[in-house]
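Be aware that the sequence shown starts at 0, since it is given in numbering that gives the first Met the number 0, and climbs by one per residue. What follows is a set of notes on a single structure, which appears directly below.
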Amino acid sequence: MTLSRRTLIGAGATAALSAVLPRRAYGAAKLRIGLLLPYSGTYAGLGNNITDGMKLAAAEHGGKLGGREVEFVPVDDESDPSKAPANVNKLVFGEKVDVLTGPVHSGVAMAMMQIVKSEKLLTIVTNAGAQAVTGALCVPHVFRTSFSNWQTSYPAADVMLKAGHKKAVLMFWNYAVGIESMAAFKEGYAKGGGTIVKEIAVPFPSAEFQANLSDIAALKPDAVFVFFAGAGAAKFVKDYADAGLRDRIPLYGSGFLTEGVLAAQGAAAEGIKTTLHYADSLDNPANRKFREAFKKATGRNADVYAVQGYDAVNALAQALDKVKGDTGALKELVAAMESVRMESPRGAFRFSKAHNPIQDIYLRQVKGGQEVVLGVAMKDADDPATGCKMPS
Ligand code: BEZ
């Protein structure tokens, strides 16, 4: 029997002993991919679509990556940062996964980084946009196939200013993603001469919006920019229309506002403009093939979350082929991940030096129940990766 490092020792001791113990044996063993994702609560739909995107990509590779049969090990992170250390320990030391993926929630991502950094396990962030993951806390073995909070919100400021909206109200869930998205938006908006009339922070995952919507009606800004996602976003957009604001004060957001919930929002979503690194209607061969296959496999429509999961497994497939499935060869595996080039459903995909995707950010508008692409809001958007000093 082969004993791996993680069988022998606990989290605290790994760093000290890693030099003397052999790396994990892999051989013909299954490739265990941990999924730290929400399967309950307001982000459950996001977790399910990331999972199904990953399963689709694995199936397209015949169920094997780098010659090893894939086994997915999901854990419900409940979008709860306080449970993140225990959940990561469960996957890394209990389940002994070879690769860690997830989460959706930026707070969970921040809370998992300490173990991830010390454990030196290839980790692919499949949603959470927390800046520090590929910024101040960046490390060679962490990659992101999603976005940074800056990427999805900074370009929206220019879009709103060009539309003549000079006075804005901001509304958002009050945790890392909301705070960082608004900071990015404000950076761009201030540069272009825009003024923020009011910032309304709502505790996560509250979906009680009415009182704040009355405030917005009274303030009469030129436009409103928001961050909400999942079930909360579905409710926000309907409440905004029910409050009579849809036709009076244009609503903008990062694209999470309508992703995966457009059908639930119905007519209330008509006209909303958002910025995101994906749109259902992107007319490229990879997207057409992906959307058809996802629909066939799940009976549901794909969205940005499914794309991020799909791309994580496709990137891993390229990298693992290069190292012949040896997840223990971390240095070589990291180099192989860095060299990944893909035609993703979102367009051309490559990682930046900080391991965040460099990608186009699309301007989308809901028209006739569809997400229509109006153009590219920012070409080759590259997160500033503030504070990232990648050790070589
Ligand atoms: C986040 O917490 O980073 C996040 C959650 C849902 C959608 C987008 C970002």
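All residues carry an ideal CB built from backbone N, CA and C; glycine is no exception.
Residue environment for residue 209: exposed (fewer than 16 other C-beta atoms within 10 angstroms of its C-beta).
DSSP places residue 302 in no beta strand (DSSP E); its state is neither H nor E. Relative to the ligand BEZ, residue 44 has its C-beta separated by 7 angstroms or more from all heavy atoms. Here the alpha carbon of residue 379 sits roughly 15 angstroms from the alpha carbon of residue 353. Rounded to the nearest angstrom, the gap between the Cα atoms of residue 180 and residue 134 is 15 angstroms. With three or more CB-CB distances shorter than 8 angstroms, the segment 100 to 112 counts as touching the segment 28 to 40. Taking residue 56 as the centre and dropping the five residues before and after it, the same chain places the C-beta of 309, 312 and 313 closer than 6 angstroms to its C-beta, in chain order. Per the DSSP secondary-structure output, residue 356 pairs in a beta bridge with 350.
No Cβ-Cβ contact shorter than 8 angstroms links residue 53 with residue 87. When only Cα atoms are considered, residue 324 and residue 69 end up about 11 angstroms apart. For residue 194, the enclosing beta strand (DSSP E) begins and ends at 194 to 201. Distances between the C-beta of residue 205 and the heavy atoms of the ligand BEZ are all 7 angstroms or more. Residue 344 places its beta carbon less than 8 angstroms from that of residue 286.
Here DSSP, grouped into helix, strand and coil, assigns residue 117 to helix.
For residue 136, the three-state secondary structure derived from DSSP is coil.
In the three-state reduction of the DSSP assignment, residue 33 falls in the strand class. Taking 7 angstroms as the cut-off, the C-beta of residue 338 does not count as close to any heavy atom of the ligand BEZ. Closest by C-alpha distance to residue 137, out of 351, 254 and 363, is 351.
In this structure, residue 245 and residue 222 do not form a Cβ contact; the two beta carbons are roughly 12 angstroms apart against a cut-off of 8 angstroms. Here DSSP, grouped into helix, strand and coil, assigns residue 167 to strand. Rounded to whole angstroms, the gap between the alpha carbons of residue 196 and residue 226 is 17 angstroms. Here residue 237 is buried: its Cβ has 16 or more other Cβ atoms, across all protein chains shown, within 10 Å.
Its chain contains 328, 331, 332 and 335 as the residues whose beta carbon lies nearer than 6 angstroms to that of residue 322, once the 5 sequence neighbours on both sides are disregarded; these appear in chain order.
Contact annotation: residue 191 and residue 156 have beta-carbon atoms nearer than 8 angstroms. Only residues of its own chain outside the window of five on either side were considered, and among them 159, 188, 193, 195, 196, 220, 221, 222, 223 and 224 have a CB closer than 7 angstroms to the CB of residue 167, listed in chain order.
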